[in-house]
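Numbering follows numbering that gives the first Met the number 0, in which position 229 of the sequence shown is assigned residue number 228; successive positions increment by one, without gaps.
Quick reminder that beta carbons are idealized off the backbone N, C-alpha and C, glycines included.
What follows is a set of notes on a single structure, which appears directly below.
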Amino acid sequence: MSRIHDALKKAAEERASKSPASAAQTFVDVTEGISRFAQARNEVGTAPKNGTSTAVKQPCVRFEQLLKRCAHPKWTLDPARSVFGGTDSKKFGAEPFRTLRSRLSQIAGTRVLKRIVITSSVPAEGKTFVAANLAQSIIRQPDRRVLLIDADLRASRLHVALGAPSTPGLTDYLRGEVDEYAIIQSGPDENLCFIPGGKDVSNPSELLPSDRMRHLLDVVTPMFDFVILDSPPASPVHDPIVLADLCDGVLFVVRAGVTDFEVAERAVAEFREKNLLGVVLNGAEQGAAYGEYYNHYT
């Protein structure tokens with residue numbers, strides 16, 4: 000079977016053999032199936048879904064104009080949730096994210112890939128950790144801009160990782176209480192912007208497929224190289240499928256030692272027709288490719 004299947008099996012095997020890794024030991028192993036799977040889908044001529052960034056027709060706002068209109072709050076990055084700061088040892092944990100960044104850039108060179116949904120099968124698999132660190136990896140390249148969106152309206156956590164305000168945010172915009180510029184924050188590095196989840200709501204499934212959500216993505220997409228959406232887990236809600244229909248690709252996170260193989264495989268199957276890019280194995284034991292980095296990081 001594919002390397003996506005192999006990644007799920009590896010997560011299940013580590014779940015059976017050991018207890019979950021602590022937050023300080025989190026490590027990301029990017030499966031080689033990402034670029035291969037995307038290339039295969041490209042070769043069979045899979046057309047992008049309506050509503051993805053290929054369909055953007057909104058008047059283009061310049062990035063410089065956005066910076067003048069958006070919020071500039073103070074961020075305090077949580078060093079426990081970032082591999083791009085703090086102690087020197089953390090830099091070794093950053094290498095897998097550079098690999099993931101490189102593979103996504105390769106895909107973007109063959110087809111449109113600007114909006115990426117990051118999800119998982121169940122909570123606590125590290126999707127928010129992956130989203131935040133992937134974004135930080137991308138902006139370390141010259142003149143690369145990323146917008147992070149906390150679209151997990153049921154359990155927003157990205158603002159904690161970034162040390163940023165949680166409101167106003169996506170729910171406030173989708174409810175029509177503010178415009179898109181009021182919810183966008185520019186961080187210490189102006190090339191990384193962020194939309195937090197906003198106030199708690201009881202109806203996220205009704206807000207995400209709205210015309211306002213589509214409009215927001217159409218407005219912001221031209222200003223950034225990547226728009227990364229941290230989605231709710233796929234089980235048991237439908238929100239990630241809704242977001243996948245608005246985006247160009249999906250990254251699926253599984254956690255070694257935690258993810259149940261059958262649950263993850265069922266969840267992954269739902270995204271095979273949604274431009275699934277591949278699986279990111281989080282919390283993996285060292286492998287031949289990344290052993291050196293893992294030894295230093297832990």
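{"Asked": "Straight-line gap, P95 to S136 (C-alpha atoms, nearest Å)", "Found": "10 angstroms"}
{"Asked": "Status (buried if at least 16 other CB within 10 Å, exposed otherwise) for K73", "Found": "exposed"}
{"Asked": "Residue ranges of each beta strand (DSSP E) within the segment 102 to 127, 3 or longer", "Found": "114 to 119"}
{"Asked": "Identified DSSP bridge partners for C192", "Found": "L146 and S185"}
{"Asked": "Three-state secondary structure assigned by DSSP to V236", "Found": "coil"}
{"Asked": "Contact set for L165: own chain, Cβ-Cβ below 6 angstroms, skip 5 residues either direction", "Found": "One point to set straight first is that residue 165 is Ser, not Leu, in the sequence displayed. If we look at S165 and ignore the five residues flanking it on each side, its Cβ neighbours are H158 and P195."}
{"Asked": "Cross-strand partners of A70 (DSSP beta bridge)", "Found": "Q184"}
{"Asked": "E189 versus L66 - alpha carbon distance", "Found": "8 angstroms"}
{"Asked": "Check whether L76 and I138 have beta carbons under 8 angstroms apart", "Found": "no"}
{"Asked": "Cβ separation of V218 and I148, assumed to be a contact under 8 angstroms, to the nearest whole Å", "Found": "The Cβ separation is near 12 angstroms, so there is no contact."}
{"Asked": "Residue burial classification, P187 (beta-carbon count within 10 angstroms, cutoff 16)", "Found": "exposed"}
{"Asked": "Environment of P203 [buried if 16+ CB atoms lie within 10 Å]", "Found": "buried"}
{"Asked": "Integer-rounded CB distance, given that V252 should sit under 8 angstroms from G125", "Found": "6 angstroms"}
{"Asked": "Contact belief for C69 with Q140 at Cβ below 8 angstroms, rounded distance in angstroms", "Found": "Contact flag wrong, Cβ pair sits at about 22 angstroms."}
{"Asked": "Helix, strand or coil at N132 according to DSSP, with G and I counted as helix", "Found": "helix"}
{"Asked": "For I137, three-class secondary structure by DSSP", "Found": "helix"}
{"Asked": "Unbroken alpha helix (DSSP H) run spanning F260, endpoints", "Found": "F260 to E269"}
{"Asked": "Between the CA atoms of D142 and P208 - distance to the nearest angstrom", "Found": "32 angstroms"}
{"Asked": "Rounded straight-line distance, which links the Cα of H71 to that of R153", "Found": "25 angstroms"}
{"Asked": "C59 burial status per 10 Å Cβ neighbour count (16 or more: buried)", "Found": "exposed"}
{"Asked": "Neighbourhood of R144 by C-beta, 6 angstroms cutoff - its chain only, sequence neighbours within 5 removed", "Found": "N190, F223 and D224"}
{"Asked": "Given T118 as reference, the closest of A130, D171 and T109 once Cα atoms are compared", "Found": "A130"}
{"Asked": "For D229, the first and last residue of its enclosing beta strand (DSSP E)", "Found": "F225 to D229"}
{"Asked": "Reduced DSSP secondary structure (H/G/I, E/B, other) of R153", "Found": "coil"}
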